[in-house]
Amino acid sequence: MGRFLFRLPDVGEGVAEAEIVAWHVQAGARIQEDQALVDVMTDKATVEMTSPVEGVIVSLHGEPGAMAPVGSVLVEIEVEGAGEAAPTLAAEAPAAAKPTEAAAPAVAPMANAKLAGPPSVTSAGPPGDAPLASPATRARAHELGIPLQFVAGTGPAGRITAQDLDTHVAGGSPANGQGARYAPKAGVTEVRILGLRRRIAEKMQEAKRRIPHFGYVEEFDLTELEGLREELNAGRTDGRPKLTLLPFFMRALVGVLPDFPQINARYDDEAGVLHRSEGVHIGIATQTPAGLMVPVVAHAEARDLWDCAAELSRVTAAARDGSATRDELTGSTITVTSLGALGGVAATPVINHPEVAIIGPNKLVERAVVQAGHVVVRKMMNVSSSFDHRIVDGFDAARFIQQLKRRIEHPALIFVD
Numbered sequence: 120m121g122r123f124l125f126r127l128p129d130v131g132e133g134v135a136e137a138e139i140v141a142w143h144v145q146a147g148a149r150i151q152e153d154q155a156l157v158d159v160m161t162d163k164a165t166v167e168m169t170s171p172v173e174g175v176i177v178s179l180h181g182e183p184g185a186m187a188p189v190g191s192v193l194v195e196i197e198v199e200g201a202g203e204a205a206p207t208l209a210a211e212a213p214a215a216a217k218p219t220e221a222a223a224p225a226v227a228p229m230a231n232a233k234l235a236g237p238p239s240v241t242s243a244g245p246p247g248d249a250p251l252a253s254p255a256t257r258a259r260a261h262e263l264g265i266p267l268q269f270v271a272g273t274g275p276a277g278r279i280t281a282q283d284l285d286t287h288v289a290g291g292s293p294a295n296g297q298g299a300r301y302a303p304k305a306g307v308t309e310v311r312i313l314g315l316r317r318r319i320a321e322k323m324q325e326a327k328r329r330i331p332h333f334g335y336v337e338e339f340d341l342t343e344l345e346g347l348r349e350e351l352n353a354g355r356t357d358g359r360p361k362l363t364l365l366p367f368f369m370r371a372l373v374g375v376l377p378d379f380p381q382i383n384a385r386y387d388d389e390a391g392v393l394h395r396s397e398g399v400h401i402g403i404a405t406q407t408p409a410g411l412m413v414p415v416v417a418h419a420e421a422r423d424l425w426d427c428a429a430e431l432s433r434v435t436a437a438a439r440d441g442s443a444t445r446d447e448l449t450g451s452t453i454t455v456t457s458l459g460a461l462g463g464v465a466a467t468p469v470i471n472h473p474e475v476a477i478i479g480p481n482k483l484v485e486r487a488v489v490q491a492g493h494v495v496v497r498k499m500m501n502v503s504s505s506f507d508h509r510i511v512d513g514f515d516a517a518r519f520i521q522q523l524k525r526r527i528e529h530p531a532l533i534f535v536d
C-alpha cells in the first residue's frame, strides 16, 4: 500500500491560490477514479476537482473557506502500490478537515440561543404602566437582558417575581397566554461567508475603497424604442432570440464609446496606466443562484442587434447554471447592470474594478410629461451611472450619457455607424 498526494493543480493562468469551497468526501471513505473530491474557487470560477486514482481517503487538508496555494496537498489517498511519499506534517501544518456537507454553509448557533424560545408578554396594568417588580427582581432582569414588559407576572397585582424570570428564561408561557405574537427574539446565528459570496464581498470592498465613484442619473424617453422593440419581436423569425432592452443599450454604447475612449477602459492604478480598449466588451451584471456574477459579451462592436441578444442570452444562462468559463467571466471594459421590472427610481451602481464606468437602466414606467405645451403619456426610464473620477471628469460623463440618451430616444441612430 502507498500514499497518493493530491495537490492543487494550476487552475488558470496567473492563479497562485484557490479557495476551498466544499468537500465531497470525508476521511475513511473509499473513492473511485474520477470521483469528485473538492470544489475550489478562483476569480469567480468554481472548479470541481476529481480524483485521478482509486483508494481510501486518509486525510483532508483545509476547511471550507481556507486558501490553498497551487501545488499544496489537498487530499492524502491510500492506494495500491508505492504511491507518493507523504510529507511529515509539522505542528503548524493545516489540520485535516472535518467531514463537511458538499454545499452547506458553516453555521454555528450562538451560546445564548437557548433564550430564543418564544418569550411571553403580559400586561401588568393599563397600557403605559411600568411593570411591577422589586428592585432585586429588576436588577436580575437587567443582568439577564430581559425587558420586564415582556415577562408575565404571577404575583399580587401582576407583580413580577424571580420565579417569573426563571419561567421566562426557560421559555414558559405567560399566565394569561397573551403576547406571543410580539415576543422578542434573542437568538443569533453565525454564518461563514465562503466561496462566491466572499469573492463578491472582496470585490465590492476593493471597488469602493480604490475607486472614487461619482454618479449621474438622467431620464430617458423610451417610447419610440419600445415601439420598435415590439415590432421587431413580432416579426422575428425562428431561431432569433426575443429582444429585451439590453441589446439596444449595448448597440447604443458601441456607437457612443469611440468618442469617449477613456470610458471604454480598464485602469491599473498601481502602475498608473489606463488601458483603452478598441473592442467593446460589455459585462452584464447577472444574479445567479450562487450570487452576483458578470459574464461578458465580448466584441459587441462586431455584433448586430440580434447577435448581441443571442450572446447576451447565452453567457447569462451559462453564468446561472454554473457552466460559464473563466474567459466568459473576465475581460469586460464596461458593465451594464439592470434589475428590469425590479429596478427602482434610481440606483448607485458599484463600478466593476478595474473598469471606470457602469451603466444602470432602471424600471420602465408610463409617466405624464409635458411636450409642446400638452400633457402626454410617455414610457420613461431613469438611467443611473457611476464613473471613476480619477479618469472621467463630470463634464465628460454628462456628455457621454447625453449622447447615449440621444441614440436611445431616436433608435434609428442605433443602426447608423
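For the sequence shown, counting from 1, position 142 maps to 261 in the working numbering; every step adds exactly one.
Quick reminder that beta carbons are idealized off the backbone N, C-alpha and C, glycines included.
Note that this is a predicted model, so its numbers are computed, not measured.
Residue i in three-state terms, based on DSSP
i: M120; result: coil
i: V375; result: helix
i: L523; result: helix
i: D507; result: strand
i: G402; result: strand
i: E420; result: helix
i: E447; result: helix
i: R149; result: strand
i: A294; result: With a pLDDT of 46 at A294, under the threshold of 50, the modelled position of this residue cannot be trusted; read the value that follows with caution. Note: A294 maps to coil in three-state DSSP.
i: V134; result: coil
i: G334; result: strand
i: A143; result: A small correction: the amino acid at residue 143 is His; Ala does not occupy that position in the sequence shown. If DSSP states are grouped into helix, strand and coil, H143 belongs with coil.
i: R126; result: strand
i: E349; result: helix
i: T308; result: strand
i: A252; result: strand
i: A216; result: With a pLDDT of 37 at A216, under the threshold of 50, the predicted position of this residue should be treated as unreliable, and no value is reported.
i: D515; result: helix
i: A438; result: helix
i: A243; result: Note that A243 scores 40 on pLDDT, short of 50, meaning its location in the model is unreliable; the coordinates nonetheless yield the value given after this. It is coil, neither helix nor strand.
When the options are compared against residue i, the one with the closest alpha-carbon
i: D426; options: R359, E343, L127 and G147; result: R359
i: R126; options: W142, A187 and Q145; result: A187
i: L458; options: I533, L364 and L376; result: L364
i: E152; options: V172, T165, E138 and E167; result: V172
i: N383; options: M412, V413, E420 and F367; result: E420
i: G69; options: E197, V192 and E345; result: With the chain covering 120 to 536 only, the question about residue 69 has no answer from this structure.
i: D347; options: A487, G174 and L424; result: Reading off the sequence, residue 347 comes out as Leu, not Asp. Minimum Cα distance to L347 is reached at L424.
i: T454; options: P303, G314, K322 and M369; result: M369
i: E337; options: A185, L124 and N481; result: N481
i: P128; options: Q145, V144, E167 and A148; result: E167
i: E262; options: G274, G277, V288 and A271; result: V288
i: G410; options: G441, I401, P380 and D387; result: G441
i: P408; options: G398, E309, F379 and A438; result: A438
i: G190; options: A164, L313 and L124; result: L124
i: A141; options: G290, G492, L315 and E447; result: L315
i: D158; options: I403, E195 and T169; result: T169
i: E199; options: P183, I176 and A404; result: I176
i: D378; options: A465, R395, M160 and Y386; result: R395
i: G174; options: L251, A155 and I265; result: A155
i: H418; options: A271, E397 and T435; result: E397
i: A517; options: V375, A137, I319 and R355; result: V375
i: H400; options: P414, E389, L393 and V392; result: P414
i: G402; options: D515, G492, A276 and L448; result: L448
Terminal residues of the beta strand (DSSP E) in which residue i lies
i: N481; result: A476 to Q490
i: Q406; result: T405 to T407
i: V194; result: V192 to V198
i: L532; result: No beta strand (DSSP E) contains L532, which DSSP labels as neither H nor E.
i: L458; result: It is not in any beta strand (DSSP E) - L458 carries neither H nor E in the DSSP assignment.
i: G277; result: Looking at the DSSP string, G277 is not in any beta strand (DSSP E), and its letter there is neither H nor E.
i: L267; result: From DSSP, L267 is part of no beta strand (DSSP E); its letter is neither H nor E.
i: G184; result: Counting along the chain, G184 falls outside any beta strand (DSSP E), and DSSP gives it neither H nor E.
i: G410; result: G410 to M412
For residue i: DSSP bridge partner residues
i: K498; result: E485
i: E385; result: Before going on, a small fix: residue 385 reads as Arg here, not Glu. DSSP lists H394 and E474 as partners of R385.
i: E167; result: D158
i: L179; result: V194
i: G174; result: I150
i: D340; result: M499
i: V415; result: G402
For residue j and residue i, believed in contact at Cβ under 8 Å, the rounded distance
i: D340; j: R497; result: 5 Å
i: E474; j: T456; result: Between T456 and E474 the Cβ distance is about 12 Å, and since that is not below 8 Å, they are no contact.
i: L463; j: F333; result: Correcting the residue identity first, residue 463 is Gly in this sequence and not Leu. Not confirmed; about 19 Å, so no contact.
i: V511; j: K327; result: V511 to K327, Cβ: 17 Å. No contact.
i: T165; j: V134; result: The Cβ separation is near 13 Å, so there is no contact.
i: R278; j: A258; result: Between A258 and R278 the Cβ distance is about 15 Å, and since that is not below 8 Å, they are no contact.
i: P565; j: L461; result: Since the displayed the chain opens at 120 and closes at 536, residue 565 lies outside it and no answer follows.
First through last residue of the alpha helix (DSSP H) which encompasses residue i
i: V189; result: Element bounds for V189: n/a, residue is neither H nor E.
i: L284; result: A281 to V288
i: G314; result: G314 to R329
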